[in-house]
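For the record, the sequence lines run as chains A and B.
First residue of the first sequence? That's 5 in the numbering used here, and the numbers climb one at a time after it.
First residue of the second sequence? That's 3 in the numbering used here, and the numbers climb one at a time after it.
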Amino acid sequence: MKGLLPVFRRELSGYFTTPVALVFIVIFLFLAGVFTFQLGGFFERGQADLVVFFNFHPWLYLFLIPAVSMRLWAEERKTGTIELLLTLPISLSAAVVGKFLAAWAFTGIALALTFPIWITTNYLGNPDNGVIFAGYLGSLLMAGAFLAIGSCISATTKSQVIAFIVSVVICLLFMLAGLKEVQSFVSGWLPPEALRVVGSFSFLSRFDAISKGVLDLRDMLFFGSIIVVFVAATGVVVNMKKAE
Amino acid sequence: MISIRNISKRYGTGSRSILAVDGVSLEVGAGEVLGFLGPNGAGKSTTMKMVTGFLTPTSGSAVVCGRDVVDDPVGVKSLIGYLPEGAPNYPDMTPAAFLDFIAQIRGFSGAEKRRRIEAVEERVHIGGVMRQPIETLSKGFKRRVGLAQAMLHEPPVLILDEPTDGLDPNQKHEVRNVIRELASRGDVNSGRAVVLSTHILEEVEAVCTRAVIIARGKVLVDGTPAQLRSMSKYHNAVTLTLIPPLTSAGEPLNLARELATIKWVADVEDQGVRHVPVSPAGPGGPRQTCTLVPKGGRPLLADVTSLAKSKGWTIETIAVEGGRLDDVFREMTTRDQGREAMKAGGAA
Chain A
5 MKGLLPVFRR ELSGYFTTPV ALVFIVIFLF LAGVFTFQLG GFFERGQADL VVFFNFHPWL
65 YLFLIPAVSM RLWAEERKTG TIELLLTLPI SLSAAVVGKF LAAWAFTGIA LALTFPIWIT
125 TNYLGNPDNG VIFAGYLGSL LMAGAFLAIG SCISATTKSQ VIAFIVSVVI CLLFMLAGLK
185 EVQSFVSGWL PPEALRVVGS FSFLSRFDAI SKGVLDLRDM LFFGSIIVVF VAATGVVVNM
245 KKAE
Chain B
3 MISIRNISKR YGTGSRSILA VDGVSLEVGA GEVLGFLGPN GAGKSTTMKM VTGFLTPTSG
63 SAVVCGRDVV DDPVGVKSLI GYLPEGAPNY PDMTPAAFLD FIAQIRGFSG AEKRRRIEAV
123 EERVHIGGVM RQPIETLSKG FKRRVGLAQA MLHEPPVLIL DEPTDGLDPN QKHEVRNVIR
183 ELASRGDVNS GRAVVLSTHI LEEVEAVCTR AVIIARGKVL VDGTPAQLRS MSKYHNAVTL
243 TLIPPLTSAG EPLNLARELA TIKWVADVED QGVRHVPVSP AGPGGPRQTC TLVPKGGRPL
303 LADVTSLAKS KGWTIETIAV EGGRLDDVFR EMTTRDQGRE AMKAGGAA
């Protein structure tokens, strides 16, 4: 995919030439800390693992990831730079994938900056670092899935505010699909097979398994396919909506 | 170099669809600077967007240097330098970073990349602002950054959508100079093809070798600016200021009627008599200014001067007009509208 690398580099450096990167990373780290130590009772639990740390990631991502993804395409459409980008000699997929990967790499950087908590845990006890690695991997995959959904929604609108709100709602639906409350709500009028399908789309239960160290190929494939499907859908939407 | 064949674009589907471009065909050769003229919404931008591969034509084709834009969009895009309307760019980037990005995408690296960026930076004179975020630059500089982006790879085909729109007269002048220079510099081969859209008619005069008027998605006129001007009713019209003789009552004699008797004069536009005070430039008194519109663009000058001589009138100023582009533009684009309106009325 010729042109993917320059697009990726431009997009990624775009986060760091504006305050976006700083604000995002500071708030991400701050909230991750608050959730882990205050709400999760990291010390009080007296266990050398990062379960509480990862437990709150879906909720952190729910609001923070749409804030990253909302500008991906909505801004290009609003300022008209989409016309510039798509008349450069690159394929549409290079532009779509390059931008997505840049946003993913950016969240990856933010996630990697939580490393002090890993060091702390290793200092205080003897955690299973394999489980922690699985947790990070699962978290990164889930962030990618949220980003892919957000990227697709960002392509449907010129308004970053709309992109943000709609992304939050849709990501919430994906997250909660497996919860008992949601399941019992739809169980009345959905056949059990459909109910299982809805449940299987739940980010929460998939991520829960990975973050406990259960690296099931099916869970990883799930997040992988969500990413592929929504990035491909982004391409379709961009192509459809670019003229408006 | 550019060959557009019967290209059309329809936005939307069903009864609410709009036919923005309706069967436009054009050939643009090397060394030509084609001015694309038309009222807003005429289909200029849409046509350009189809040629540059941003939009897919509903029907018809566009071929650039032998490559079809639908079959080989990336190939065509690599041959074109394009300045979209309003010269969009990434406001947070500096021109240096922006041009670096464009150069990378265009496949340049290392010393070649640096050389290209330096060359283009010099050509559009943005050397002093290369490290400033683009959003802090003036409109003129932003436009130049857009031009720099379009010509970085020395493309054989340049497509510029309203390159001078919204600039002040000095900036317009500069941008036009750059365009003229670009067109004449055939550094790669025998020259490049430039297509620019505008609704400023003086621009066509200033930079274009050919002008196409388009309205409601159709090509109405295609010719050199001079040919276009000659379609004006003012082509070869004579505008003169005379010192009219006084009547026995001491009133200045109205010469309009006498001028109208000249052979081939279709119409006399009388701008009236005004009184000028005595000045070093000439005696005071009444002056009459008239424009003589010829029949079929025939030259009138000889007949006008011989009439004035025989009558003993003093001609203070006299000028032959080449024709007025805005007049042609208005006539072509509104006549079409009138017809359409009549058609619509008849249908209803």
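Yeah, the Cβ is synthetic: ideal placement off N, Cα and C, and Gly gets one too.
Since we're looking at a predicted model, the values are computed, not measured.
Considering only the alpha carbon of each residue, which of the options lies closest to residue i?
i	options	result
A52 (chain A)	A:A78, A:L9, A:L128	A:L128
V126 (chain B)	B:I161, B:R108, B:Q134, B:R178	B:R178
R117 (chain B)	B:A98, B:P135, B:R133	B:A98
F110 (chain B)	A:A237, A:A25, A:G7	A:G7
C210 (chain B)	B:M233, B:F100, B:E183, B:S234	B:E183
K79 (chain B)	B:T138, B:I161, B:V131, B:S140	B:I161
R133 (chain B)	B:L248, B:E123, B:P254	B:E123
M153 (chain B)	A:L92, A:V11, A:K184	A:L92
K11 (chain B)	B:V23, B:S17, B:I4	B:V23
G148 (chain A)	A:V135, A:T111, A:S215, A:R222	A:T111
P301 (chain B)	B:V322, B:S281, B:K311	B:V322
H277 (chain B)	B:G286, B:E271, B:D269, B:E318	B:G286
P254 (chain B)	B:I245, B:G16, B:L261	B:I245
M334 (chain B)	B:V295, B:G299, B:L222	B:L222
V27 (chain A)	A:F12, A:E48, A:V72, A:L54	A:V72
L68 (chain A)	A:L219, A:V24, A:Y140, A:P196	A:V24
R309 (chain B)	B:R337, B:T263, B:G299, B:V206	In the sequence as displayed, the identity of residue 309 (chain B) is Leu instead of Arg. Selected option, being the one with the closest Cα: B:T263.
L66 (chain A)	A:T161, A:G239, A:F207	A:F207
N126 (chain A)	A:L221, A:G50, A:E248	A:G50
Between residue i and chain B, is any beta-carbon pair separated by less than 7 Å?
i	result
L76 (chain A)	no
R14 (chain A)	yes
E2 (chain A)	This structure cannot settle anything about residue 2 (chain A), because the visible part of chain A is limited to 5 through 248.
T22 (chain A)	yes
G84 (chain A)	yes
L105 (chain A)	no
T91 (chain A)	yes
With a cut-off of 8 Å on the beta carbons, I'd call residue i and residue j a contact; round off their distance for me.
i	j	result
G219 (chain B)	L21 (chain B)	6 Å
H201 (chain B)	L39 (chain B)	7 Å
V235 (chain A)	A152 (chain A)	5 Å
A36 (chain A)	F57 (chain A)	7 Å
A114 (chain A)	I29 (chain A)	5 Å
M244 (chain A)	G154 (chain A)	In fact, because the Cβ distance is near 18 Å, the residues do not count as touching under 8 Å.
With a threshold of 7 Å between beta-carbons, can residue i be considered close to chain A, or not?
i	result
V190 (chain B)	Bear in mind that the predicted position of V190 (chain B) carries a pLDDT of just 46, short of 50, making it unreliable; the figure below should be weighed with that in mind. Not an interface residue.
L294 (chain B)	no
V147 (chain B)	no
D94 (chain B)	yes
F110 (chain B)	no
F2 (chain B)	Residue numbering for chain B in the displayed model covers 3 to 350; residue 2 (chain B) lies beyond these limits and cannot be assessed.
P157 (chain B)	no
T86 (chain B)	Checking the displayed sequence, the identity of residue 86 (chain B) turns out to be Pro instead of Thr. It does: the Cβ of P86 (chain B) has a partner Cβ on chain A nearer than 7 Å.
Can the beta-carbon of residue i be found less than 7 Å from the beta-carbon of residue j?
i	j	result
L203 (chain B)	L327 (chain B)	yes
L16 (chain A)	A109 (chain A)	yes
T243 (chain B)	T291 (chain B)	yes
F46 (chain A)	T40 (chain A)	yes
P165 (chain B)	R194 (chain B)	no
P70 (chain A)	V233 (chain A)	no
E18 (chain A)	V135 (chain A)	Looking at the sequence provided, one finds Gly at residue 18 (chain A) rather than Glu. For G18 (chain A) and V135 (chain A), no; Cβs fall outside 7 Å.
P90 (chain B)	L88 (chain A)	yes
Whole angstroms are fine: how far does the CA of residue j sit from the CA of residue i?
i	j	result
G228 (chain A)	I107 (chain B)	28 Å
G274 (chain B)	P59 (chain B)	53 Å
T226 (chain B)	F331 (chain B)	14 Å
V202 (chain A)	V241 (chain A)	24 Å
H61 (chain A)	N130 (chain A)	23 Å
V165 (chain A)	I215 (chain B)	41 Å
D189 (chain B)	I181 (chain B)	Residue placement at D189 (chain B) is flagged as unreliable, the pLDDT there being 49, under the threshold of 50; the coordinate-derived value follows with that caveat. Taking the straight line from one Cα to the other gives about 14 Å.
D70 (chain B)	A64 (chain B)	6 Å
V240 (chain B)	S232 (chain B)	14 Å
A1 (chain B)	M50 (chain B)	Residue 1 (chain B) is absent from the structure shown; chain B starts at 3 and stops at 350.
K141 (chain B)	S209 (chain A)	53 Å
M224 (chain A)	A150 (chain B)	45 Å
P41 (chain B)	G102 (chain A)	38 Å
E114 (chain B)	G148 (chain B)	20 Å
K297 (chain B)	V270 (chain B)	11 Å
V30 (chain B)	R81 (chain A)	30 Å
L257 (chain B)	L294 (chain B)	12 Å
L176 (chain A)	S215 (chain A)	19 Å
E197 (chain A)	F205 (chain A)	13 Å
I169 (chain A)	F178 (chain A)	15 Å
G324 (chain B)	A268 (chain B)	16 Å
Could one say the Cβ of residue i lies closer than 7 Å to chain D's Cβ atoms, at least one of them?
i	result
L88 (chain A)	Among the protein chains of the structure shown, namely A and B, there is no chain D.
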